[in-house]
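*Asks:* Take this structure, written in structure tokens, and hold onto it; I'll ask about it next.
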Amino acid sequence: MSVVLRLLRRRLDALGKIVRDREGAKLAVIAVFVVLFGLVMAGEYLAFRQGLAEVLNIGPPSAALTLYILEAFLALVLVISVVSFVATGLWTFYRASDTAFLLSTPVPLAHLFWLRAAETFLLTSWAFVLLGVPSFLALGAAHDGGGPFYLWALVILVLFMLLAGALGTLLTVLAGAAFRRYRARTAIALATVVLAGAFALLVGRHVVPSPADFYLIFEPGIPNGKPASLKFIEHRFWFWPSHPLAVSLFAGVRVTTAGSDALAAAAWLLPALALVAAGVIGRRLFAVTLPIAAEGPPEIAARPGARRAAAGAAFPRFLRGPVGAVIERDLLTLGRSPQELGRAGFIVFLLALYTAILFVAPLAEALEQPEAVARLFFLDLMAVGYFVTAFGIRFVFPSLSLEGRGAWILFAGPLAIGRLFLGRLLAYSTVLGLAVGPIAMGGALRLVTFPALLGVFGLLLALLIVTTVTVSLAFGVLWPNFREPNAERLATTGGGLATIVLCLGYVAAVGWLGGQCVRSALAGGSVLAYLAAAVALSAAIVAGATAAARRRFGTLEIL
Amino acid sequence: MPAPDGHPLLRLDRLSKRFGDRLAVEALTLEVAPGEIYGLIGPNGSGKTTTVKMITGLYRPTAGQVLIAGIDLRAEPERAKGLLGYIPDEPFVYEKMTGREFLGLVAALYRVAEPERTRRIEELLDLYHLGPDADAYVENYSRGNRQKLAILASLLHAPRLLVVDEPIVGLDPESAIKTRDLLRRFAERGGSALLCTHTLPFAEQVCHRIGLLNEGRLVEEGDLAALRRRASLPDASLEALYLHFTKARPS
Chain A
1 MSVVLRLLRR RLDALGKIVR DREGAKLAVI AVFVVLFGLV MAGEYLAFRQ GLAEVLNIGP
61 PSAALTLYIL EAFLALVLVI SVVSFVATGL WTFYRASDTA FLLSTPVPLA HLFWLRAAET
121 FLLTSWAFVL LGVPSFLALG AAHDGGGPFY LWALVILVLF MLLAGALGTL LTVLAGAAFR
181 RYRARTAIAL ATVVLAGAFA LLVGRHVVPS PADFYLIFEP GIPNGKPASL KFIEHRFWFW
241 PSHPLAVSLF AGVRVTTAGS DALAAAAWLL PALALVAAGV IGRRLFAVTL PIAAEGPPEI
301 AARPGARRAA AGAAFPRFLR GPVGAVIERD LLTLGRSPQE LGRAGFIVFL LALYTAILFV
361 APLAEALEQP EAVARLFFLD LMAVGYFVTA FGIRFVFPSL SLEGRGAWIL FAGPLAIGRL
421 FLGRLLAYST VLGLAVGPIA MGGALRLVTF PALLGVFGLL LALLIVTTVT VSLAFGVLWP
481 NFREPNAERL ATTGGGLATI VLCLGYVAAV GWLGGQCVRS ALAGGSVLAY LAAAVALSAA
541 IVAGATAAAR RRFGTLEIL
Chain B
1001 MPAPDGHPLL RLDRLSKRFG DRLAVEALTL EVAPGEIYGL IGPNGSGKTT TVKMITGLYR
1061 PTAGQVLIAG IDLRAEPERA KGLLGYIPDE PFVYEKMTGR EFLGLVAALY RVAEPERTRR
1121 IEELLDLYHL GPDADAYVEN YSRGNRQKLA ILASLLHAPR LLVVDEPIVG LDPESAIKTR
1181 DLLRRFAERG GSALLCTHTL PFAEQVCHRI GLLNEGRLVE EGDLAALRRR ASLPDASLEA
1241 LYLHFTKARP S
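See below:
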């Protein structure tokens, strides 16, 4: 077991190294995440405390309502934790980069099993910290719980984490065995969809209350000394593994109104049993499945592979010239990578979701007032600019660095890097315009219907896209890293952070100018001065970034 | 040994490369004539790959000049690189492309137009019998097949100079023999090659001249006979000469 602890400590040391080596960009990213994490937790705490205090004020039914909230909340956190555990665990248990190496060493499979379980637990424990801690603290604050309650809540939280980790481990090895012959990504997608679907059904059926449930929750009857509402809730949630813990936590603030000795015992026994089951069943299944999964799916083992393109298809098919061929390769490889396509799709999905919210939000009254329209116009440009920046930092900024070990193909050849820069600027701007433009314009239609203002929005959006793509490309040239194959890590380097800061600052300036355009237009004035300022600002940034990149081309080395 | 147009196909003139405090290559001067295969050998870290990367434009020399058929690589990089074919030590090829698509991309980079492009690709695929796997994604290729693909890619545009870093690592014996014959034919037709390798018997078979690089400096240069004379080892193999010149003692 000491091997497991040593390997785990090595993983944690990697974090400590960032602090020791004072890697500025990574430290800044960690600091931003810590602040964001803290803000979200503080917000949750305040919201929970306020909500639970309101519940207390409604009188006798407050006890049942509090228990229902706790049951539903713990059930939801359990679902989130377990699905997150399985989605992460299928990779760490079976496809982690050091699996082949560890399999070739005398580390017993049982130890490897516990190592993977612990790694996955650490990676997915954010849900307990982010959701569990603020809610438990809020429960104590709303009910004036003293020291003993917080101690009890801590015990419950630890038991809950153990339970979720053990269930996650069990489901991971079951899913691993079921999908052992599939490609890793397919297995993860299938397991996540199946689990999320099953849990969604359970949550819909047992957690989301119906109007009839509310009638029962507010039922005042007290047969056999216990309110009927509490009995109904205990009956509703009895088969959720989180139920004994929810009731025990509730008993910590409403001492005698719920629970039983059996449930109190179950709060301790269930996590222990789940751990034993994970250890016994999980370890054996893991030992059987890992060697099969490590071989990979049959079509890969029997290479050269079954995955083929159309036989004899020429390349490039659509674009001409050296730069056209490279851009067609960029698009082709993006289209053949489900992971990358998924990430691009996710950004577009978030933009679409934001736009949908714009349409369902109760804005009718606000849109009658010019000042509110100007502010919403500003915020909308900020939001769209944020999505454009997200795309730029994830896909455009790393494009040069990601040539990586294949950089020799382009840079040992007679390719003019300046032309490649311009070609990519044109290509990425077009793709981004096509992906984001229609959705963003749809959102703008919700705010303004005046054609001139829609034109202003369209022009500012075009400026945002071209400038953001130029900055992302140029900063990618200024700070390349051909040794890092991970686009997310590249985005958190110093160059990546500089790109984010400059792009978001620029987006804010363009957003403000957009808002001024609306104010001026709705007051009967001209928008030309503001538009000219936006064009001048964009042109200055594009020219500066391009000039810096051109200077860098002359000294670029493929290290 | 000038080419018909008066220039050697490769000339390195006092080429140096410094990484921080470390001088990886120091004032390296050499020439490769048309029809000549020049082998650059030396221990790990002697500066071979750094030299190759400077010739191919992947590294910028700290000092000195690279001339390809008389064209200054720094002044006219695209023109100079158009004459050059490069086979790297690590044949990384885009995983999500098929072998045929990759060759098409390289042909487009070197402006090989249709229908010549398709004809050349088919002809080259036959060379290593890669045709049946040409439409499979490169991610499914073995290391040897990737190496073959990199070799074929370097020949697509009929270069005048080949720069080869470890040509036969990962190749099966039959393919290694084919590669040796291919390099010889390339030189017989007037092409030049600069070959970096640790496979000394291979270098002995194909190279007309050998340069021994040690700690960034060219310490010996000449054909096998000249090297034997200098070492006073009349029947020595290149392996024995290498050990002699690097001051090691054969066990």
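Residue numbers (my numbering), protein chains in the order written: chain A, 1 to 559; chain B, 1001 to 1251.
Even glycine gets a Cβ: it sits at the ideal position worked out from N, Cα and C.
Alpha carbon to alpha carbon, what distance is there between Ala532/A and Ala543/A?
*Replies:* Residue mapping note: residue 543/A aligns to position 543 of the first sequence, counting from 1. Residue mapping note: residue 532/A aligns to position 532 of the first sequence, counting from 1. Those two C-alpha atoms are separated by around 16 Å.
*Asks:* For Glu1095/B, which residues in the same chain have their Cβ closer than 7 Å to its Cβ, ignoring the five residues on either side in sequence?
*Replies:* The sequence position of residue 1095/B within the second sequence is 95, counting from 1. Cβ within range, chain order: Tyr1137, Val1138 and Glu1139.
*Asks:* Pick out whichever of Trp126/A, Val82/A and Ala294/A has its Cα sitting closest to the Cα of Ile166/A.
*Replies:* Working through the first sequence from its first residue, we reach residue 166/A at position 166. The sequence as given places Ala at residue 166/A; Ile does not occur at that position. Nearest C-alpha to Ala166/A: Val82/A.
*Asks:* Below 9 Å on C-beta distance, what does Ala416/A contact in chain B?
*Replies:* Residue numbering aside, residue 416/A sits at position 416 when the first sequence is read from its first letter. Those are Pro1077 and Glu1078, listed as they occur along chain B.
*Asks:* Applying the criterion that 16 or more other CB atoms from any shown protein chain within 10 Å of the CB defines a buried residue, is Glu488/A buried or exposed?
*Replies:* In the first sequence, counting from the first residue as 1, residue 488/A sits at position 488. Classification for Glu488/A: exposed.
*Asks:* With DSSP as the reference, label Gln1065/B as helix, strand or coil.
*Replies:* Stepping through the second sequence from its first residue, residue 1065/B is reached at position 65. Residue state, collapsed to three classes: strand.
*Asks:* So within the stretch 474-540 of chain A, which uninterrupted beta strand (DSSP E) runs reach at least 3 residues, ignoring any that extend past its ends?
*Replies:* none
*Asks:* Shorter than 9 Å from the beta carbon of Arg1100/B to some beta carbon of chain A?
*Replies:* Here the question's residue 1100/B lines up with position 100 in the second sequence. By this cut-off, Arg1100/B is an interface position.
*Asks:* Under three-state DSSP, which class holds Asn57/A?
*Replies:* Looking up residue 57/A in the first sequence gives position 57. Judged by DSSP in its simplified three-state form, Asn57/A adopts helix.
*Asks:* Please classify Ala306/A: is it buried, with 16 or more other beta-carbons within 10 angstroms of its beta-carbon, or exposed?
*Replies:* Along the first sequence, read from residue 1 onward, the residue named residue 306/A stands at position 306. Residue placement at Ala306/A is poorly supported in this model, since its pLDDT is 46, which falls under 50; the coordinates still yield a value, given next. The residue is exposed, with fewer than 16 neighbouring Cβ atoms inside 10 Å.
*Asks:* Between Arg1229/B and Thr1246/B, what straight-line distance do the alpha-carbon atoms span, to the nearest angstrom?
*Replies:* In the second sequence, the residue the question calls residue 1229/B occupies position 229. In the second sequence, the residue the question calls residue 1246/B occupies position 246. C-alpha separation (whole angstroms): 16 Å.
*Asks:* Pull up the distance between the alpha-carbon of Ala412/A and that of Phe346/A, whole angstroms please.
*Replies:* To locate residue 412/A, count along the first sequence from 1; it is residue 412. To locate residue 346/A, count along the first sequence from 1; it is residue 346. Ala412/A and Phe346/A: Cα-Cα distance of roughly 35 Å.
*Asks:* By a C-beta neighbour count over all protein chains shown, 10 Å radius and 16 as the cutoff for buried, is Glu368/A buried or exposed?
*Replies:* Numbered from its first residue, the first sequence carries residue 368/A at position 368. Glu368/A should be labelled exposed.
*Asks:* Can the beta-carbon of Gly423/A be found less than 9 Å from the beta-carbon of Ile327/A?
*Replies:* For the purposes of this step, residue 423/A is taken as the residue at position 423 of the first sequence. For the purposes of this step, residue 327/A is taken as the residue at position 327 of the first sequence. For Gly423/A and Ile327/A, yes; Cβs fall inside 9 Å.
*Asks:* Are there three or more Cβ pairs, one per stretch, closer than 8 Å when the stretch 1104-1117 of chain B is compared with the stretch 314-322 of chain A?
*Replies:* Yes: at least three Cβ pairs fall under 8 Å.
*Asks:* Could you check whether Thr66/A and Phe250/A sit closer than 9 Å to each other, using their CB atoms as the reference points?
*Replies:* Taking the first residue of the first sequence as position 1, residue 250/A is located at position 250. Taking the first residue of the first sequence as position 1, residue 66/A is located at position 66. The answer is yes: Cβ separation under 9 Å.
*Asks:* How big is the Cα-Cα spacing for Ile217/A and Ala178/A?
*Replies:* For the purposes of this step, residue 217/A is identified with residue 217 of the first sequence, where counting begins at 1. For the purposes of this step, residue 178/A is identified with residue 178 of the first sequence, where counting begins at 1. Spanning the two alpha carbons is a distance of roughly 41 Å.
*Asks:* Would you identify the three-state DSSP class for Gly43/A, choosing helix, strand or coil?
*Replies:* Residue mapping note: residue 43/A aligns to position 43 of the first sequence, counting from 1. DSSP places Gly43/A in helix when its eight states are reduced to three.
*Asks:* Taking C-beta pairs closer than 8 Å, name the residues in chain B that Thr555/A reaches, listed in chain order.
*Replies:* Here residue 555/A is taken as the residue at index 555 of the first sequence, counted from 1. What Thr555/A touches in chain B: Arg1060.
*Asks:* Considering only the beta carbon of each residue, do Val582/A and Val466/A sit closer than 9 Å?
*Replies:* Because chain A spans 1 through 559 in this model, residue 582/A falls outside it and cannot be assessed.
*Asks:* Considering only the alpha carbon of each residue, which of Phe149/A, Arg446/A and Phe101/A lies closest to Tyr354/A?
*Replies:* Taking the first sequence and counting its residues from 1, one reaches residue 354/A at position 354. Nearest of Phe149/A, Arg446/A and Phe101/A to Tyr354/A, Cα basis: Arg446/A.
*Asks:* What do you reckon, are the CB atoms on Thr172/A and Phe85/A nearer than 9 Å?
*Replies:* Your numbering for residue 172/A matches position 172 in the first sequence. Your numbering for residue 85/A matches position 85 in the first sequence. It is a contact, given that the beta carbons lie within the stated cut-off.
*Asks:* DSSP on Val1032/B, reduced to helix/strand/coil?
*Replies:* Indexing the second sequence from 1 puts residue 1032/B at position 32. Three-state DSSP puts Val1032/B in a strand.
*Asks:* So which of Ala364/A, Ala246/A and His111/A has the shortest CA-CA distance to Ile156/A?
*Replies:* Counted from its first residue, the first sequence places residue 156/A at position 156. Checking every option, the nearest Cα to that of Ile156/A belongs to Ala246/A.
*Asks:* Looking only at its chain, what residues have a beta carbon closer than 8 Å to the beta carbon of Leu78/A, apart from the 5 residues adjacent to it on each side?
*Replies:* For the purposes of this step, residue 78/A is identified with residue 78 of the first sequence, where counting begins at 1. Taken in chain order, the residues that qualify are Phe160, Leu163, Ala164, Leu167, Trp240, Pro241 and Ser242.
*Asks:* With distances taken Cα to Cα, identify the nearest neighbour of Ile233/A among Pro322/A, Ala87/A, Ala272/A and Leu70/A.
*Replies:* Position 233 of the first sequence, counted from the start, is the residue given in the question as residue 233/A. Ranking Pro322/A, Ala87/A, Ala272/A and Leu70/A by Cα distance to Ile233/A puts Leu70/A first.
*Asks:* In or out: Tyr428/A buried (at least 16 other Cβ within 10 Å) or exposed?
*Replies:* Within the first sequence, residue 428/A is the residue found at index 428, counting from 1. Buried, because 16 or more other Cβ atoms sit within 10 Å of the Cβ of Tyr428/A.
*Asks:* Give me the subset of the stretch 404-430 of chain A whose CB atoms are less than 8 Å from a CB atom of chain B, sorted by chain position.
*Replies:* Within the stretch 404-430 of chain A, those residues whose Cβ lies closer than 8 Å to any Cβ of chain B are, in chain order, Gly404, Arg405, Gly406, Ala407, Trp408, Ile409, Leu410, Phe411, Ala412, Gly413, Pro414, Leu415 and Ala416.
*Asks:* Is DSSP giving Leu331/A helix, strand or coil here?
*Replies:* Walking along the first sequence from the start, residue 331/A turns up at place 331. It is helical.
*Asks:* For Glu1076/B, count neighbouring C-beta atoms within 10 Å of its own C-beta (all shown protein chains included) and say buried if the count is 16 or more, exposed if not.
*Replies:* Taking the second sequence and counting its residues from 1, one reaches residue 1076/B at position 76. It counts as exposed.
*Asks:* Under DSSP, the alpha helix (DSSP H) around Arg1018/B begins and ends at which residues?
*Replies:* The residue you call residue 1018/B lines up with position 18 of the second sequence. Here Arg1018/B belongs to no alpha helix (DSSP H); instead the beta strand (DSSP E) covers Leu1010 to Phe1019.
*Asks:* Leu332/A touches chain B at which residues, Cβ-Cβ below 8 Å?
*Replies:* Translated into positions along the first sequence, residue 332/A becomes position 332. Going along chain B in sequence order, the residues near Leu332/A (Cβ under 8 Å) are Lys1096, Met1097 and Glu1101.
*Asks:* In terms of residue numbering, what span does the beta strand (DSSP E) encompassing Val208/A cover?
*Replies:* Taking the first sequence and counting its residues from 1, one reaches residue 208/A at position 208. Counting along the chain, Val208/A falls outside any beta strand (DSSP E), and DSSP gives it neither H nor E.
*Asks:* How would you list, in chain order, the residues of chain B whose beta-carbon sits under 7 Å from the beta-carbon of Ser97/A?
*Replies:* Taking the first sequence and counting its residues from 1, the one referred to as residue 97/A is at position 97. Here the premise fails: no neighbours, minimum Cβ distance about 16 Å.
*Asks:* Below 8 Å, can you find three or more Cβ-Cβ pairs linking the stretch 467-483 of chain A to the stretch 393-412 of chain A?
*Replies:* Counting Cβ pairs under 8 Å, three or more are found: they touch.
*Asks:* Quick one: does Gly321/A have its CB under 9 Å from some CB of chain B?
*Replies:* As a working mapping, residue 321/A is identified with position 321 in the first sequence. It does: the Cβ of Gly321/A has a partner Cβ on chain B nearer than 9 Å.
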